[in-house]
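Asks:
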Amino acid sequence: MDLLEFRSIKKRFRKKEVLVDISFNIKQGEIFGLVGKSGCGKSTLLKILIGMVKEDGGSILFDNHDTHKRLNYLRENTGFATQDNMLFEELTIKENSFYFGELYGIKRIDIKQRFSELIKLMGLVGFEDTQINNLSGGMVKRANILVSLIHGPKLLVLDEPTVGLDPLLRSTLWSYIKKINKDGTTVLVTSHLLDEIEENCDRVAILNNGKVISVASIVQYKEKYGKNKTFGQVFREMLE
Amino acid sequence: MKVVSIFNKNLKTVSRNWVYLIILFVCPVLLILISGIMLNSNDFRNLNVGVVDQDPGYNFNLQSIRNVRSFDSLSDCLYSLTESKLSICLFVRDDGRGLHQIEIYIDNTKKIIELYGKQFVLENIVKEQAEILEQTSETIDSKMTLYSSSIAKARYELVNASRELDEQEAQLVSYQADLANMKRDFNEVYVPLKNMQPEIKSLQSDLRKNRETLLSNISYFRAKKQSIDNQISSLQSFLSGKLIPQDYNFVSSGLNSISNDLNQIDQSLSDIERTQSDNRLINIIDSLDSVIIKLDNVKVTLDKLDVGLSNSIQKTRQSGDRIDYFISKLDEANNEMDSFSKSAGGNMVTADFKKAFQTSEDPVFLAFPLLISIIITFTSLVLSNMFILNQVNKPSYFRDIISPTKDVNFIFANYLVNLFFVFVQAAVLFIIGISWFGMPFSNIGMFVIAIFFTSSIFILVGMSLGYLIKSQSVSMLVTIFFVMLMLIMSDLISPAILSGKSMQFFISLNPFVILHKILTDSLILQKPMQYILPHITRLASLLGIIILITYLSKKVSEEDAIQ
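Those protein sequence lines, which keep their order, are chains D and V. Numbering-wise (my numbering), the first sequence opens with residue 1 and increments by one. Numbering-wise (my numbering), the second sequence opens with residue 241 and increments by one.
1) For a quick check, are the C-beta atoms of T253 of chain V and E90 of chain D less than 8 angstroms apart?
2) In the DSSP assignment, the beta strand (DSSP E) including A205 of chain D goes from what residue to what residue?
3) Using a Cβ-Cβ distance cut-off of 8 angstroms, determine whether I628 of chain V contacts chain D.
4) Give me the Cα-Cα distance between V259 of chain V and I728 of chain V, rounded to the nearest whole angstrom.
5) Give the single residue among D:V215, D:K179, D:S214, D:S171 whose Cα lies nearest to the Cα of D195 of chain D.
6) Going along the chain, which unbroken runs of the alpha helix (DSSP H) with 4 or more residues stay wholly within the region 727–764 of chain V?
7) Consider the Cβ of P680 of chain V: report whether some Cβ of chain D lies at a distance smaller than 8 angstroms.
8) Out of V:Q631, V:D529, V:R285, point me to the one whose CA is closest to K794 of chain V's CA.
9) Enumerate in chain order the residues of its own chain whose CB-to-CB distance from T82 of chain D is below 6 angstroms, with the five nearest sequence positions on each side excluded.
10) When you compare the CB positions of G210 of chain D and V53 of chain D, do they come within less than 8 angstroms of one another, or not?
11) In chain D, what lies closer than 7 angstroms to P268 of chain V by C-beta?
12) Please report the Cβ distance between L763 of chain V and G673 of chain V, rounded to the nearest whole angstrom; I am assuming they are in contact, meaning their Cβ atoms lie under 8 angstroms.
13) Helix, strand or coil: which one does DSSP assign to Q28 of chain D?
14) Going by C-alpha distance, which of V:L339, V:D347, V:V292, V:S550 is nearest T322 of chain V?
15) From N625 of chain V to N658 of chain V, what does the alpha carbon distance come to, in whole angstroms?
16) Over what stretch of residues does the beta strand (DSSP E) that includes L669 of chain V continue unbroken?
17) Is Y99 of chain D helix, strand or coil when you go by DSSP?
18) Mind listing the chain V neighbours of Y99 of chain D? Cutoff is C-beta to C-beta under 7 angstroms, in chain order.
19) Which bits of chain V does E76 of chain D rub up against, with CB to CB less than 8 angstroms?
20) Could you check what DSSP says for S624 of chain V in three-state terms: helix, strand or coil?
21) Quick check on I533 of chain V: buried or exposed, where buried means 16 or more other Cβ atoms within 10 Å of its Cβ?
22) Determine the contact status of G469 of chain V and S497 of chain V, defining contact as a CB-CB distance below 8 angstroms.
23) Helix, strand or coil: which one does DSSP assign to K16 of chain D?
24) Quick test of your reading: A736 of chain V and I754 of chain V, contact by CB under 8 angstroms. State the CB separation rounded to the nearest angstrom.
25) Any beta-carbon of chain V closer than 8 angstroms to the one on F115 of chain D?
26) Straight-line CA distance for L146 of chain D to L669 of chain V?
27) Interface residues of chain D around M241 of chain V at Cβ under 8 angstroms?
28) Could you check how far apart the C-beta atoms of T190 of chain D and L155 of chain D are, in whole angstroms? I think they sit under 8 angstroms.
29) So, is the C-beta of K794 of chain V closer than 8 angstroms to a C-beta in chain D?
30) In chain order, what residues of the same chain lie with their CB nearer than 7 angstroms to the CB of A653 of chain V, ignoring the 5 residues before and after it?
31) Here's the rule I'm using: 16 or more other beta-carbon atoms within 10 Å means buried, otherwise exposed. How should K11 of chain D be labelled?
32) I'd like the ranges of any alpha helix (DSSP H) spanning at least 4 consecutive residues and lying wholly in the region 345–432 of chain V.
33) What does DSSP give as the partner residue(s) for E5 of chain D in the beta ladder?
34) Going by the beta-carbon positions, is the gap between I305 of chain V and V292 of chain V smaller than 8 angstroms?
35) I need the boundaries of the beta strand (DSSP E) containing Q294 of chain V, first residue and last residue.
36) Tell whether a beta-carbon distance below 8 angstroms holds between L495 of chain V and L475 of chain V.
This is the structure in structure tokens:
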């Protein structure tokens, strides 16, 4: 069952066509990877998804609802975390979580319960009352994801979540993402690090020059381009 | 609820920045303190005044000034003025006509100093002129009294003189009448005598001629008699020999008798001559002549006397008229002096500065509303702008705007937290007002209303600028420019009342000016609410407009954030 469906999304910035007839779908419960070279239109597509940029054409269906008509439904059910720290540094993880939870209209008691689950899930027990500016880089990334999940979204959008982390922390973070996914949250993730995409994503869409050139599972890509090839090699081959 | 969450979050983020809080609350107190010290020590007697005194007869009163320097020349004084070592340079000199002339050079680049300077100089001159005027007035009064009494005396004397002249004129007229009688009597004697003068002259001439003839005849007779005597002697001597003694004696005695007769005639002639020599008649005749001459003189004198008397009478009359004229002029002068005294008293201008408002004279207290207005304006604008900039330039802003929370909630919560801090600051200021200046607590209502509306406007302006201009430096510059604009378009640099109509209109819309006005009216002048209401209405209208602008700015800001 599709949670999200992009239908012929088009976007121009002045004369430049940024997105050309983008169409693909994300199934409920999967980890979906969106890859492409810098400037291929990934970030623009994500912004269109959360209603921050208006598309020039096409539509998005979220949980069978047109996001044009029910943007708030999408927002209420989507968590968004970028590579930057989207938290208030003067506040603790708990305060950030309660603040954003209340912005999403969640009752404090529910936030409290959800927070106690997420703090364990993200391995941040003991840091609940630590201000964000006193946390390490990896912790901040996890806290960022934690806050993105505080309202219990159906979809978690992660834009380059592991940028700036060492391989060990990246691996740890992915283990948390997988846990979240196991708990039923669909994950849409963008990354330049194709090895972690290959390792963690169920399906991957490749964007090039504003077009989706392929949407398939890692297995399908390997079947098509060679089982011994890494996804990175496949990606380069496709773009060539 | 969402507003409360955002408000709490904002409060926490701000309150955990100690530097921010210190600046927020310590700065106003420091500003009040520094302003208080400045204003309390502000005294125009501290003006630096240079004096070039080239008028030894005049002494400009500089006792009230503490810093007075003397200069020998104007150029030295002006040099110090241009070097900013002096604020005023006084050049005192005699203008050559005995008037004291003061040239006042003032540092006109500093308007307040210029005003102080002018005030000081004018106060001194006015004070001096008032003293001179008072002295002059007293002198005039005493002189007027003196002149008045002199005029009265002069009038009295003139009236007496006039009366005496009248008497003198009457006397002269009487003399003239006597003289006329005398002349008439004189003429009765003089005219016949004068008519006889030719005959007297002729008689005088005849008498003289007769006398000369007589004397000549007597001389001739004496010469003949001598000759006869000689002939008798010769004849006697001749006859003595020729005649007998008897005959001779006879003849001789006859000759002697002739000689004796001749001698007797001579004697008689001598008597006549002696009589002639007396000249009595001639003298009488001559006297008559001289009498006539003298009478002529007397007549001339009498005529002159008559003319003189007439002239004297005329002149006496003219003098009398002139004195009467003088008396009337003196009366006029007296009347004019009376009216001058009355009018001088009536037209005299007295200026007395009265206080329109019964309020404290403490300069810090009087400046307190202005200080509050400046602090509130500055804090509201800068604080809200910094606050929004701090938000919109952080990635967390992105999370805010993608949340299903309406913009109005963010705007309202952000506004509330700024308002909260401004009100905390205002509370500090109000406490200062109560504790330092004895401001009545009852003013709190109007104080709160005024601060609420004005700070709301400025907070929303600061927020709008923060939303619209995300570059921290540019946004802060624009905000500070806005603060400066508010301060410039007020009474701070020059009195707004002196501006043109259109500028006054814009100034009347300046929330800073309105806040200052409300605070002055309520805190200083203790005016009731109905005086403040029109200002509040204006502020409320401005607030409505700025709310709309802020909402639109937030929308634009989100678009920018996404782009």
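Glycine included, each C-beta is placed from N, C-alpha and C at the ideal position.
Replies: So, from the data block:
1) yes
2) 203–208
3) no
4) 29 angstroms
5) D:S171
6) 741–748, 751–759
7) no
8) V:Q631
9) D159
10) no
11) Per Cβ cutoff of 7 angstroms: no residues; P268 of chain V is ~23 angstroms from chain D at best.
12) 7 angstroms
13) coil
14) V:D347
15) 10 angstroms
16) Element bounds for L669 of chain V: not the beta strand (DSSP E) but the alpha helix (DSSP H), 647–677.
17) helix
18) S245, K249
19) P644
20) helix
21) exposed
22) Here residue 469 of chain V is Asp; the residue named in the question, Gly, does not match the sequence. Cβ atoms of D469 of chain V and S497 of chain V: not closer than 8 angstroms.
23) strand
24) The Cβ separation is near 12 angstroms, so there is no contact.
25) no
26) 44 angstroms
27) E102
28) 14 angstroms between Cβ atoms; not a contact.
29) no
30) V243, I246, F247, N250
31) buried
32) none
33) D:N25, D:L61
34) no
35) 288–294
36) yes
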